[in-house]
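Below is one structure, written out as structure tokens; comments come after it.
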Amino acid sequence: MLKKSLMMMGLVVFALGLLAQTVEEAGAKYNEGNELVKQENYEAAVPVYEQAMKMATEAGADAADLRGNIEKQLGNAYYRAGVSLYKDKKINASIAMLEKGHAFGQQIDDEDIKNKTADLASQLRSKVADSMRKKNNLDEAYVEYEKALTIDPTNVKAMYGQGLVYKEKNDLEKMKEKMNQVIELSDGSDKLQKMADAARQTTANALEVAGAKELQSGDARKAIALINESFTYQSGEANTYYYLLIAYNKISEWENAIAAGTKALELKKEDASEIYFGLGQASEGKGDAAAACEAYKNVTSGPNVESAKYQMTQKLKCS
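Position one of the sequence shown corresponds to residue 8 (my numbering), numbered consecutively onward.
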């Protein structure tokens with residue numbers, strides 16, 4: 008009996024000795040990681056802290072305080088290593104490091120680590136996606152933007168990028184959906200207002216271009232609808248109202264045509280002969296010969312000069 012008791016005591020002492028050794032080894036690894044951090048060698052510090060974390064976890068409650076310190080240092084090391092890799096232009100390695108740090112932040116429920124690793128990793132994925140999109144690899148770019156949004160659902164640059172992908176694919180409805188999300192999340196924010204403004208401008212321009220194409224193909228009513236929708240995103244320019252002038256003339260809506268042409272004149276800073284010709288047509292269609300003559304007289308350049316002269320001399324008999 009005495010012999011068994013002595014054996015049990017020996018095992019306990021041995022186990023305690025091993026435990027103390029494990030805690031001590033974890034502490035040594037932790038200090039090793041700290042030295043690497045002092046040298047700003049964050050990438051090398053990460054696996055050292057990971058080893059220290061494993062040892063501290065195995066040591067259990069006796070290493071609880073040490074584990075807390077390791078967690079903090081490891082989380083920061085992931086982030087700083089990601090930044091360092093990015094500065095060295097190793098963008099894929101940087102993303103991998105940051106996403107590993109984000110997963111660790113989720114594991115230990117550390118908001119600071121989660122947020123800063125997610126923010127930078129998402130931004131970098133957006134940069135990768137931008138590069139793909141500019142090379143016209145649209146499907147690959149969209150997937151990369153989606154990965155950026157998976158880690159940070161508030162990344163408006165990634166949403167904007169997806170909107171541009173849809174714009175390149177001529178999918179106006181899906182483009183508007185993405186751009187509207189950007190506007191909703193960015194409007195009124197000091198940091199993000201530029202993104203809201205860019206989304207508005209991009210959407211307005213896309214709608215105007217689509218309207219011009221419909222006008223060219225002969226669907227004036229669809230052109231009018233698209234161009235008027237563009238005004239919900241931003242005020243139009245001279246050309247925008249000029250397209251409306253032409254479109255309204257095609258469907259004989261003379262009052263609307265004159266209103267659009269008048270607005271185009273207000274905004275036009277160079278030769279406005281093409282606008283005056285359209286206004287002449289609208290006024291003539293309305294039955295206002297005097298206004299038509301006045302408009303046609305201002306057609307002084309471009310392909311419509313002879314047509315304007317003909318209307319004035321042969322049809323309207325302008326004085």
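A virtual CB, placed ideally from N, CA and C, is assigned to each residue, including glycine. These numbers were taken from a predicted model, which means no experiment stands behind them.
Ordered list of alpha helix (DSSP H) runs contained in the stretch 134 to 209, each at least 4 residues: The stretch 134 to 209 contains, as complete alpha helix (DSSP H) runs of 4+ residues, the segments 145 to 158, 163 to 175 and 179 to 193 (chain order).
Of the listed residues Met186, Glu39, Val306 and Gly268, nearest to Asp278 (C-alpha basis): Along the sequence shown, read from residue 1 onward, the residue named residue 278 stands at position 271. Comparing alpha carbon positions, the residue from Met186, Glu39, Val306 and Gly268 closest to Asp278 is Val306.
Those runs of the alpha helix (DSSP H) which lie wholly inside the stretch 43 to 72 and span at least 4 residues: Counting only runs of at least 4 residues, the stretch 43 to 72 fully encloses the following alpha helix (DSSP H) elements, listed from N- to C-terminal order: 49 to 66.
DSSP three-state assignment for Leu25, whether helix, strand or coil: The count along the sequence shown starts at 1 and reaches residue 25 at position 18. Low confidence applies to Leu25: its pLDDT is 43, below 50, so where it sits in the model is not reliable enough to give any reading.
Environment of Ala128 [buried if 16+ CB atoms lie within 10 Å]: Here residue 128 refers to the residue found at position 121 when the sequence shown is read from its first residue. Buried is the call here.
Inter-residue Cα distance where the pair is Thr124 and Ala103: Along the sequence shown, one-based indexing puts residue 124 at 117. Along the sequence shown, one-based indexing puts residue 103 at 96. Cα to Cα, the separation comes out at about 10 Å.
Nearest residue (CA-CA) to Ala68, options Val30, Val163 and Arg140: On the sequence shown, position 61 is the one that residue 68 refers to. Considering only alpha carbons, the answer is Val30.
Pair within 8 Å by beta-carbon distance, Leu73 and Val55: Residue mapping note: residue 73 aligns to position 66 of the sequence shown, counting from 1. Residue mapping note: residue 55 aligns to position 48 of the sequence shown, counting from 1. No; because the gap between Cβ atoms is not below 8 Å, this pair is not in contact.
Exposure label - Leu80; buried when at least 16 CB within 10 Å: To locate residue 80, count along the sequence shown from 1; it is residue 73. Reading off the sequence shown, one finds Gln at residue 80, where the question assumed Leu. Answer is buried; the Cβ neighbour count reaches 16.
Per-residue burial, Glu118 [other beta carbons within 10 Å of its own, 16 or more giving buried]: Taking the sequence shown and counting its residues from 1, one reaches residue 118 at position 111. By the 10 Å Cβ count, Glu118 comes out exposed.
Cut-off 6 Å between Cβ atoms - residues of its own chain near Tyr173, not counting five sequence neighbours on either side: On the sequence shown, position 166 is the one that residue 173 refers to. The beta carbon of Tyr173 is closer than 6 Å to those of Lys181 and Met182 in its chain, skipping five residues each way along the sequence.
Contact under 8 Å by Cβ, Gln169 with Lys185: Working through the sequence shown from its first residue, we reach residue 169 at position 162. Working through the sequence shown from its first residue, we reach residue 185 at position 178. Result yes, Cβ atoms of Gln169 and Lys185 sit closer than 8 Å.
Top-ranked residue by Cα proximity to Thr210, from Lys94, Asp95 and Asn235: Taking the sequence shown and counting its residues from 1, the one referred to as residue 210 is at position 203. Scanning Lys94, Asp95 and Asn235 for the CA closest to the CA of Thr210 turns up Asn235.
Backbone CA spacing between Gly285 and Ser326 [nearest angstrom]: If you number the sequence shown from 1, residue 285 lands on position 278. If you number the sequence shown from 1, residue 326 lands on position 319. When rounded, the distance between both Cα atoms is 20 Å.
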